[in-house]
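Asker: Okay, here's the structure, questions in a sec.
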Ligand SMILES: NC(=O)c1ccc[n+]([C@@H]2O[C@H](COP(=O)([O-])OP(=O)(O)OC[C@H]3O[C@@H](n4cnc5c(N)ncnc54)[C@H](OP(=O)(O)O)[C@@H]3O)[C@@H](O)[C@H]2O)c1
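Numbering (the numbering used here), first residue to last: 446 to 609.
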């Protein structure tokens, strides 16, 4: 059961600008992003939204049914334009699709290719939520690529939260 009103620090208010929102989650770290996707303000604020959910096995892709492009689901109502869902499965040899961890997918350009959307400091904003090691590694990778943590008095590109 998830509230449709995002609360706390991991909200789109952390960003002063940008047009593309990248939601990067592992495991149950997807939960705050589902609330963010339920909020009409998110869809008014960003032109493109990419939700990346990385899990060990495809059975852990919670909300896949709602997030798949063909889904006719109340999560979206009529707000699907500009949305891309990218499931990532790391421990299932037969999985067809993205299979590396999120930092590696960022470094190789595979996420951009899969989303059909280039990363650009002027446009791209990132929210990261998952296990502490994933949050740290993803943050470091984005910093290597020239992105900075968004702070209340100095809005920038990245907002993050440890999922557990
Ligand atoms: N889910 C399970 O089947 C399972 C089984 C045994 C124990 N556990 C324990 O339960 C807890 C939660 O497990 P979980 O599967 O929900 O979460 P998790 O261990 O964080 O794994 C979820 C996803 O995050 C990836 N990941 C892990 N560390 C990462 C990092 N530093 N950078 C980027 N991506 C990273 C994993 O890739 P990789 O597959 O490459 O690690 C996996 O795709 C953990 O302590 C885990 O050790 C889970």
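By construction, the Cβ of each residue, glycine as well, lies at the ideal position given by its N, Cα and C atoms.
None of these values were measured; they are calculated from a predicted model.
Among the candidates 494, 505 and 501, whose CA atom is the shortest distance from the CA of residue 524?
Answerer: For this step, residue 524 is matched to residue 79 along the chain shown. Closest option to residue 524, Cα to Cα, is 494.
Asker: Given 8 Å as the limit, is there contact between the region 592-606 and the region 566-573, that is, 3 or more CB pairs closer than that?
Answerer: yes
Asker: Give me, in chain order, the residues of the same chain whose beta-carbon lies closer than 7 Å to that of residue 563; leave out the 5 immediate sequence neighbours on both sides.
Answerer: Start at 1 with the first residue of the chain shown, and residue 563 comes out as number 118. For residue 563, where only same-chain residues beyond five positions count, the Cβ hits under 7 Å are 557.
Asker: Which word fits residue 597, buried or exposed, when buried means at least 16 other C-beta atoms lie within 10 angstroms of its C-beta?
Answerer: Position 152 of the chain shown holds residue 597. That one is exposed.
Asker: Can you tell me which of the three DSSP states residue 528 falls into?
Answerer: What you label residue 528 is simply residue 83 of the chain shown in a count that begins at 1. Residue 528 falls in the strand class under three-state DSSP.
Asker: Does the beta carbon of residue 578 fall short of 8 Å from some heavy atom of ligand 1?
Answerer: Residue mapping note: residue 578 aligns to position 133 of the chain shown, counting from 1. Within the cutoff, so yes.
Asker: With hydrogens ignored, establish whether the beta-carbon of residue 534 is closer than 8 Å to any heavy atom of ligand 1.
Answerer: Indexing the chain shown from 1 puts residue 534 at position 89. True, at least one ligand heavy atom lies under 8 Å from that Cβ.
Asker: Quick one, are the C-beta atoms of residue 542 and residue 469 less than 9 Å apart?
Answerer: Here residue 542 corresponds to residue number 97 of the chain shown, with the count starting at 1. Here residue 469 corresponds to residue number 24 of the chain shown, with the count starting at 1. No; because the gap between Cβ atoms is not below 9 Å, this pair is not in contact.
Asker: Whose C-beta lies closer than 7 Å to the C-beta of residue 461 among residues of the same chain, with five residues either side of it excluded?
Answerer: Against the chain shown, residue 461 aligns to sequence position 16. So the qualifying residues of the chain are 600.
Asker: Given a cut-off of 9 Å, decide if residue 474 and residue 606 are closer than it, judged by their beta-carbon atoms.
Answerer: Here the question's residue 606 lines up with position 161 in the chain shown. Here the question's residue 474 lines up with position 29 in the chain shown. Cβ atoms of residue 606 and residue 474: closer than 9 Å.
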